[in-house]
Amino acid sequence: RYRRSEIGHILRRSGARCLLAVEEWHEADFRSTVEGLRAELPGLAEVVWLSADRLRVGTANTVADLAGGARPTSAVPPAADDPVAIVFTSGTTGIPKGAWYNHRNLLALAEIDGRRHAGGAPSSPKHLAAGLSFAHIGTMARIAIQIAHRGTSIVHDAFDPAAVLEVIERERLEDLGGIPTQVIMLLDHPDRARRDLSSLRSVLVGGAPAAPALIRRVQETLHVTVSVRYSSTEVGIATASLLDDPPELLATTVGKATPGVELRVVDEANRPLPPDTPGEVVVRSPATMRGYWQDPDATAATIDADGWVHTGDVGVLDAAGYLRLRGRRSEMFIRGGYNVYPAEIEELLAHHPKVARAAIVGLPDPVFGEVGWAFVVSRDPAAPPDLAELRTFIGAELASFKRPDGLTLLPELPLTPMYKVDKRALRTFRPASRLRTEREP
């Protein structure tokens, strides 16, 4: 999903000397893009191109064929603290940043991921990596577990809900994981009703905060055990629900800190806050990133002197250690002097019968400074909600200043390469004539 400017930035920032890439994939012509950038990338010494057809035969076989023609080289055993991966963020708050991990970090992350299974990771699991594949830190850790246990990884290059539903039925998958956007797309897809999904036993929701309404919907629709976790490119896996957590905790929290992970909620002076007090979530563990590659300023702004990673997420820890997320500090806007967190409004809109998906962003306003604007995908395009009914719906549960002042109806919400809602794109959105836009007078 990355395009020219992002690809150029990633290759420059990583200092890549060799690139292994597919020539074309779906509508993207990667070969033309990279060749057009070569003059700007003097450090890129070698590019190995694969055809899409060759790659579809199987990733492992393709890599083996390439390695078979290589000259023998002497083995250099890696040290535990050597860099092993640079994982670029989805760019929701700016240009993608490269979170780098060493071998020790990834092994710790795989161990933490394995703990979410009763008795440890299954000995012969089947794992589906759909769309996120190797670009996502959670999938990277999971594939390490697959290799250790001689398991199978089924890799889909893009997230296609119809294809995922088909592979669940064909392979009789028992466990499924996804970020909230993907889970919603699966539940909403017309093929879901005709596919046999009875093999599913559990669904893990992570990678981004999930609305309580979504958790309940998964439980009621698929009749599975739902687990939630809080994870990100920078911290790996921070929290996870427990096997015996009741539905109300699954629907309103992201669980507790996993073993080996330290978790705090702090104020603006980095002082720990008492239970039930909102503040920034900070994480420290052996599985967090070492920093942002070749970006000391961004690293210093994110990791403090004591090794705590400042996530930029606003949350509340209760007395029992369960974490409730309120939203991103960067997404908060101030309407007429009042702080507004979009996640709270989006969670409520998920309950509206006419709303399939919704995102709230703060936009400039000459009177209030900023106002909330709702971007909504309707459940039924022929009967969409209007601004007045959404304001009434939200105003019945939340303070009046949290009601959106504008509404734009979209066929789909824009997504980042990591399938998160692209709020940067929404903030610069200019509605086309075919889309209905309303504003409060």
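Oh and the sequence shown: position 239 is 709 in our numbering, straight run, nothing missing.
All C-beta atoms in this analysis are idealised placements derived from N, C-alpha and C, irrespective of residue type, glycine included.
For residue i, count neighbouring C-beta atoms within 10 Å of its own C-beta (all shown protein chains included) and say buried if the count is 16 or more, exposed if not.
i	result
residue 859	exposed
residue 702	buried
residue 812	buried
residue 735	buried
residue 809	exposed
residue 671	exposed
residue 606	buried
residue 713	exposed
residue 796	buried
residue 594	Confidence at residue 594 is low in this model, with a pLDDT of 49, below 50, so its placement is unreliable and the value that follows should be read with caution. Counting Cβ neighbours within 10 Å, residue 594 comes out exposed, since fewer than 16 surround it.
residue 801	buried
residue 817	buried
residue 559	buried
residue 485	exposed
residue 710	buried
residue 827	buried
residue 777	exposed
residue 737	exposed
residue 588	Since pLDDT at residue 588 reaches only 49, below the 50 mark, its modelled position is unreliable, and no value is offered.
residue 441	Residue 441 falls outside the range modelled here, since the chain spans only 471 to 911, and no answer is possible.
residue 502	exposed
residue 723	buried
residue 892	buried
residue 805	buried
residue 691	exposed
residue 697	buried
residue 617	exposed
residue 565	exposed
residue 551	exposed
According to DSSP, simplified to helix, strand and coil, what is residue i?
i	result
residue 623	strand
residue 479	helix
residue 576	helix
residue 439	The first residue shown for the chain is 471 and the last is 911, placing residue 439 beyond what the model contains.
residue 728	coil
residue 785	strand
residue 744	coil
residue 649	coil
residue 667	coil
residue 521	coil
residue 806	coil
residue 892	coil
residue 721	helix
residue 588	Confidence at residue 588 is low in this model, with a pLDDT of 49, below 50, so its placement is unreliable and the value that follows should be read with caution. In this structure, residue 588 counts as coil in the three-state DSSP scheme.
residue 840	strand
residue 702	strand
residue 736	strand
residue 675	strand
residue 510	helix
residue 635	helix
residue 768	helix
residue 640	helix
residue 851	coil
residue 473	coil
residue 660	helix
residue 873	coil
residue 715	coil
residue 546	coil
residue 583	helix
Could you pull the start and end residues of the alpha helix (DSSP H) that residue i belongs to?
i	result
residue 814	812–819
residue 865	857–865
residue 684	682–692
Provide the residue(s) that pair with residue i in DSSP beta bridges, ordered along the chain.
i	result
residue 499	494
residue 555	571
residue 597	623
residue 762	569
residue 773	779
residue 886	Answer by DSSP bridge pairing: none, since residue 886 is not bridged.
residue 696	673
residue 516	488
The beta strand (DSSP E) spanning residue i covers which residue range?
i	result
residue 706	706–710
residue 617	First-last for residue 617: 607–618, but that is the alpha helix (DSSP H), not the beta strand (DSSP E).
residue 826	825–835
residue 798	793–798
With three or more beta-carbon pairs closer than 8 Å as the criterion, would you say the region 688–702 touches the region 764–773? Verdict: no, contact absent.
Does the contact criterion of 3 or more C-beta pairs under 8 Å hold for the region 738–751 versus the region 784–795? Judged by Cβ distances under 8 Å, the region 738–751 makes contact with the region 784–795, as three or more pairs qualify.
Assess, as a yes-or-no matter, whether the region 789–803 is touched by the region 611–630 under the definition of 3 or more beta carbon pairs within less than 8 Å. Short answer: they don't touch.
Does the region 651–665 come within contact of the region 620–627, defined as at least 3 CB pairs closer than 8 Å? The region 651–665 is not in contact with the region 620–627.
Mind the definition here: the region 568–587 touches the region 713–730 only if three or more C-beta pairs lie below 8 Å; say whether that holds. The answer is yes - the region 713–730 touches the region 568–587, with three or more Cβ pairs under 8 Å.
Does the pairing of the region 868–876 with the region 841–849 give three or more beta-carbon distances under 8 Å? With the rule of 3 Cβ pairs closer than 8 Å, the region 868–876 counts as touching the region 841–849.
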